[in-house]
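The next block holds one structure in the form of structure tokens; read it before the comments.
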Amino acid sequence: MQKYLITGGAGFIGSNFIHYLLEKYSACQIVNLDLLTYAGNLENLADIKADSRYHFVQGDINDQELVERLIKTYGCEILVNFAAESHVDRSITGPDVFFQTNTQGTLSLLKAAKNQNIQKFLQISTDEVYGSLGQQGYFSENSPLEPSSPYSASKAAADMFVLAYAKTFGLNANITRSSNNYGPYQHPEKLIPLMITKGMQGKKLPIYGTGENIRDWLYVKDNCRAFDTVIHKGQPGEIYNVGAHSEHSNNEIVHLIVDQLGLSTDRIEYVADRLGHDQRYALDNSKIKMELGWQPQAGFQTCLTQTINWYLNHEPWWRKDKFENS
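In terms of the UniProt record's numbering, the sequence shown opens at residue 1 and continues consecutively.
Right, here's the structure in full:
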């Protein structure tokens, strides 16, 4: 039986990964440590809260003593760190908490993992650490880190600590850097759920700048398969880019959502651009494909429709008071 400590498991990607593990492995044990800030929502895991394989603990990843106690008490062998402040706009107006959670928090987990002899440490990172791309080319795992926002700077710093612990202390650690995720349980401050929920509420659909910023869109369940693959096959100290090669501009995304919701394009509103807004992200995923055998399976159009339908069918979830001002 594999025993996991998953931090930030009540968030979007973390809760999807917990569902993935419990569905795939009958013999596993999961401890979910989450502080339950605005992005953490236990309703994401309401359907499995009675599962004997799953345990929830509310707490801070900066509480190293707590983390070590959980590892020891439950015999955790694998630590997967999803815990992060991730909204770029929030990092621009209030960067301190991004450093405290994303950088200091990761260091706290690394110290606990080293002290308790964790067998595998997986750091969930982002393509944003690489900065902005031009119209051509892709980021590889060897591309220089040139973060543009306090959010991506805090994640890049965390990645450096993970690599340092792998090299200095021999910690069996990996980093995955993925493209923009989408799917169920994503907080309505992010582009796709923001457009869906505002569309359903009869509100304007705000697009930054000209809307020509391009992202590679990765369905969250494909990302969960990548995490699982790296946990079991990833070589110590290695970084793996997880991309879908499914690039779309913000304009394309919003127009697809408008069409599927049957809305008028008059609802679209262009607003002042985000400070330091990166033009394009795209990842070379050949390393994880060639070395570990992972590749994306989800079709973008199909999974976008599934995602839209999920929000249509889960209105009470996103209409919670904590989301109303998003």
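Think of the CB as a built atom: it goes at the ideal place given N, C-alpha and C, for glycine as much as any other residue.
| Item | Value |
| --- | --- |
| Restricting to Cα atoms, I'd like to know which of 88, 142, 144 is closest to residue 180. | 88 |
| Would you say residue 156 and residue 171 are within 8 Å of each other, going by their C-beta atoms? | no |
| List the residues that DSSP assigns as beta-bridge partners of residue 79. | 5, 121 |
| Below 8 Å on the Cβ atoms is my contact criterion, and I expect residue 280 with residue 214 to pass it. Report the Cβ-Cβ distance as a whole number of Å. | 4 Å |
| Pick out whichever of 129, 82, 258, 134 has its Cα sitting closest to the Cα of residue 241. | 129 |
| Within this structure, are the beta carbons of residue 82 and residue 124 separated by less than 8 Å? | yes |
| Here's the rule I'm using: 16 or more other beta-carbon atoms within 10 Å means buried, otherwise exposed. How should residue 6 be labelled? | buried |
| Taking residue 193 as part of the alpha helix (DSSP H), name the residues at either end of that continuous run. | 191 to 200 |
| Could you check which residue in 253, 234, 101 has the C-alpha nearest to that of residue 192? | 253 |
| Is there contact here, the stretch 101 to 112 with the stretch 60 to 76, by at least three beta-carbon pairs under 8 Å? | yes |
| Could I get the ranges of all uninterrupted beta strand (DSSP E) runs contained in the stretch 286 to 322, with 3 residues as the minimum, in chain order? | none |
| For residue 34 and residue 258, what's the separation of their Cα atoms in angstroms? | 34 Å |
| Ignoring anything shorter than 4 residues, give me the alpha helix (DSSP H) runs that lie fully in the stretch 157 to 241, in order along the chain. | 191 to 200, 220 to 233 |
| Taking Cβ to Cβ, would you say residue 243 is nearer than 8 Å to residue 283? | yes |
| For residue 20, which residues from the same chain have a beta carbon less than 6 Å from its beta carbon, with the 5 sequence-adjacent residues on both sides left out? | 224 |
| Please determine, among 16, 64, 27, 23, the residue with the shortest C-alpha to C-alpha distance to residue 41. | 16 |
| What do you get for residue 85, buried or exposed, if any count of 16 or more other CB atoms within 10 angstroms of its CB means buried? | buried |
| Let me make sure I understand the geometry here. Which of 287, 219, 220, 196 has the alpha-carbon closest to that of residue 235? | 287 |
| If I measure Cβ to Cβ from residue 226 and keep anything under 8 Å in the same chain, skipping five residues before and after, which residues do I get? | 176, 178, 240, 242, 288, 294 |
| Between which residues of its own chain and residue 273 is the CB-CB distance below 6 Å, once the five residues before and five after are set aside? | 208, 209 |
| With residue 32 as the anchor, note down where its beta strand (DSSP E) starts and where it stops. | 28 to 34 |
| How about residue 256 and residue 304: do their beta carbons lie closer than 8 Å? | yes |
| Identify the residues that DSSP records as bridge partners of residue 58: which are they? | 34 |
| If you measure between the beta carbons of residue 251 and residue 212, is that distance less than 8 Å? | yes |
| Among residues of its own chain, excluding the 5 on either side of residue 265, which ones have a beta-carbon nearer than 8 Å to its beta-carbon? | 255, 258 |
| Just confirm the distance between the C-beta atoms of residue 276 and residue 143, as a whole number of angstroms; I'd bet it's less than 8 Å. | Going by Cβ atoms, the distance from residue 276 to residue 143 rounds to 18 Å, so no, they are not a contact pair. |
| How should residue 36 be labelled, buried or exposed, when 16 other C-beta atoms within 10 angstroms of its C-beta is the threshold for buried? | exposed |
| Does the distance from the CB of residue 78 to the CB of residue 120 come in under 8 Å? | yes |
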